[in-house]
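Q: Using my numbering, you'd call the opening residue of the sequence shown number 309 and step up by one each time.
Ideal Cβ placement from N, Cα and C applies to all residues, glycine included.
As the structure is a computational prediction, the values presented were derived from the model and not from experiment.
So that we are looking at the same thing, I have put the structure below in structure tokens.
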Amino acid sequence: MAYFAVLVTELDNSKKDQYFSDHMKYLDDLRDQGTVIANGKFADGSLGLIIFRGESQAEVEDILSRSPFAIHGVREFNVHEWVAKWGPEI
């Protein structure tokens, strides 16, 4: 199992409100399954970040391709394998 940091950038913000709740439900379900570890936006609003746990980058990219934001061209997801060092709380 590996970790992946996903940088989320805007493609078409005009559709954000229309698909936001569906996208968040999709991420919530992935979190419940243990696939998404954390997600959120940067305080300055420039990007979002999703931390995934998965078998491969291809698997994470496939999962993200089914997000309502990806399907409808609202956001772009750039996946990077992340060699994480966790603190004692995690």
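Can residue 347 and residue 355 be called in contact, C-beta distance under 8 Å?
A: Along the sequence shown, read from residue 1 onward, the residue named residue 347 stands at position 39. Along the sequence shown, read from residue 1 onward, the residue named residue 355 stands at position 47. It is not a contact, given that the beta carbons lie outside the stated cut-off.
Q: Considering just the uninterrupted stretch of the alpha helix (DSSP H) at residue 349, what are its terminal residues?
A: As a working note, residue 349 is residue 41 in the sequence shown. Per DSSP, residue 349 belongs to no alpha helix (DSSP H); it is in the beta strand (DSSP E), 344-349.
Q: What beta strand (DSSP E) runs, 3 residues minimum, are completely inside the stretch 323-383?
A: If we require 3 residues or more, the beta strand (DSSP E) runs fully inside the stretch 323-383 come out as 344-349 and 356-362.
Q: Restricting to Cα atoms, I'd like to know which of 393, 368 and 377 is closest to residue 342.
A: Sequence index remark: in the sequence shown, residue 342 carries index 34 (1-based). For residue 342, the nearest C-alpha among the options comes from 368.
Q: Is the beta carbon of residue 360 sitting closer than 8 Å to the one on residue 316?
A: Mapped onto the sequence shown, residue 360 falls at position 52. Mapped onto the sequence shown, residue 316 falls at position 8. Taking 8 Å as the Cβ cut-off, residue 360 and residue 316 do not qualify as a contacting pair.
Q: Could you check if residue 374 is buried or exposed, using at least 16 other CB atoms within 10 Å of its CB as the buried criterion?
A: Position 66 of the sequence shown, counting from 1, holds the residue named residue 374. The residue in question, residue 374, is exposed, as its Cβ has fewer than 16 Cβ neighbours within 10 Å.
Q: Give the single residue among 350, 395, 363 and 338 whose Cα lies nearest to the Cα of residue 389.
A: In the sequence shown, counting from the first residue as 1, residue 389 sits at position 81. When only C-alpha atoms are compared, the closest one is 363.
Q: Can you give me the Cβ contacts of residue 320 inside the same chain, cut-off strictly under 7 Å, excluding the 5 residues immediately before and after it?
A: As a working mapping, residue 320 is identified with position 12 in the sequence shown. Contacts found: 381 and 382.
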